[in-house]
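See structure below.
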Amino acid sequence: ETGEKQKTCSVCGKSVSYIIPVIPHDYVDGVCSECGKHEQTAVKTSELIDGDKVVIFNPAGKLTMGDTENGVALSSVSAAINGNAISVEDGMAVLTVEKVSGGFCLINKDGKYLICDITVDGCRLCFSEDKTDNALWNSSDGFIMNANAKYDGKTQYLGCRKNCFECLKMSADTDVFMMGFYKVQE
Numbered sequence: 209e210t211g212e213k214q215k216t217c218s219v220c221g222k223s224v225s226y227i228i229p230v231i232p233h234d235y236v237d238g239v240c241s242e243c244g245k246h247e248q249t250a251v252k253t254s255e256l257i258d259g260d261k262v263v264i265f266n267p268a269g270k271l272t273m274g275d276t277e278n279g280v281a282l283s284s285v286s287a288a289i290n291g292n293a294i295s296v297e298d299g300m301a302v303l304t305v306e307k308v309s310g311g312f313c314l315i316n317k318d319g320k321y322l323i324c325d326i327t328v329d330g331c332r333l334c335f336s337e338d339k340t341d342n343a344l345w346n347s348s349d350g351f352i353m354n355a356n357a358k359y360d361g362k363t364q365y366l367g368c369r370k371n372c373f374e375c376l377k378m379s380a381d382t383d384v385f386m387m388g389f390y391k392v393q394e
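First residue of the sequence shown? That's 209 in the working numbering, and the numbers climb one at a time after it.
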């Protein structure tokens with residue numbers, strides 16, 4: 209975790225404080241050589257079943273989805289990727305899959321559903337206590353997309369550009385910005 213240290217001058221009594229940065233985990237054979245924590249991983253998947261625990265990860269940006277009080281933001285957690293697996297670090301939003309007719313819903317630890325609100329400028333992701341049409345998701349080739357969110361008569365897809373979420377119509381040049389599902393290994 210990020211720390212803070214304070215120094216006080218023995219001559220004048222003035223104090224200064226500074227931040228001690230996070231030391232990333234250094235996993236060797238699944239155990240961190242810095243703190244001894246056992247690594248938890250998530251493996252890329254396109255097949256989701258009811259009750260799966262997943263994280264959403266952008267391989268291009270090395271960023272994961274983080275849970276905030278009123279909505280969703282990309283986490284700056286440094287996710288280590290190894291082949292088709294990522295290390296599940298503290299701060300990642302781990303979501304539970306609920307299979308429903310026509311797709312699935314994603315639920316956070318507080319039992320709220322991930323929804324996508326379409327706006328003129330793109331979309332806003334947030335967690336809502338109630339299911340809505342925009343809480344129904346689908347996947348294509350292991351990527352998350354919202355098949356119900358429509359704007360201006362066009363289906364919109366969840367994508368990631370410049371460290372923020374936008375709803376995008378899928379095309380070849382946006383595929384690399386899509387967020388992939390990674391199933392948490394129990």
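We put the CB at the ideal spot given by N, CA and C, even for glycine.
Pair within 8 Å by beta-carbon distance, residue i and residue j
{"i": "Lys339", "j": "Tyr321", "result": "yes"}
{"i": "Ile227", "j": "Glu212", "result": "yes"}
{"i": "Met391", "j": "Asp260", "result": "Just to set this straight, residue 391 is Lys in the shown sequence, not Met. The answer is yes: Cβ separation under 8 Å."}
{"i": "Ala250", "j": "Val296", "result": "yes"}
Closest Cα partner of residue i within the set the options
{"i": "Asp298", "options": "Ile352, Ala355 and Glu247", "result": "Glu247"}
{"i": "Cys243", "options": "Ala250, Asp234 and Thr249", "result": "Asp234"}
{"i": "Met300", "options": "Pro229, Ser347 and Lys270", "result": "Lys270"}
{"i": "Val293", "options": "Ser336, Ser223, Val262 and Leu344", "result": "Before going further, note that residue 293 is Ala rather than Val in the sequence given. Closest option to Ala293, Cα to Cα, is Val262."}
{"i": "Ile289", "options": "Thr272, Glu337, Thr210 and Pro229", "result": "Thr272"}
{"i": "Phe312", "options": "Ser283, Leu282, Thr276 and Ser254", "result": "Ser254"}
{"i": "Lys348", "options": "Leu303, Leu256 and Gln393", "result": "As written in the sequence, residue 348 is Ser, which differs from the Lys given in the question. Considering only alpha carbons, the answer is Leu256."}
Own chain partners of residue i with C-beta closer than 8 Å, once the 5 adjacent residues on each side are dropped
{"i": "Gly388", "result": "Lys252, Ile264, Phe265, Asn266, Pro267, Gly350, Phe351 and Ile352"}
{"i": "Ala380", "result": "For Ala380, the predicted structure reports a pLDDT of 47, less than 50, and the residue's modelled location is therefore unreliable. A value from the coordinates is still provided. So the list is empty, once near-sequence residues are dropped."}
{"i": "Asp318", "result": "Phe335"}
Neighbourhood of residue i by C-beta, 6 Å cutoff - its chain only, sequence neighbours within 5 removed
{"i": "Lys307", "result": "Asp258"}
{"i": "Thr216", "result": "Ser223"}
Other residues of its chain near residue i: CB distance less than 7 Å, five sequence neighbours each side excluded
{"i": "Gly279", "result": "Arg332, Leu333 and Cys334"}
{"i": "Gly310", "result": "Leu344"}
{"i": "Ile171", "result": "In the structure as shown, the chain begins at 209 and stops at 394. Residue 171 is therefore absent and cannot be evaluated."}
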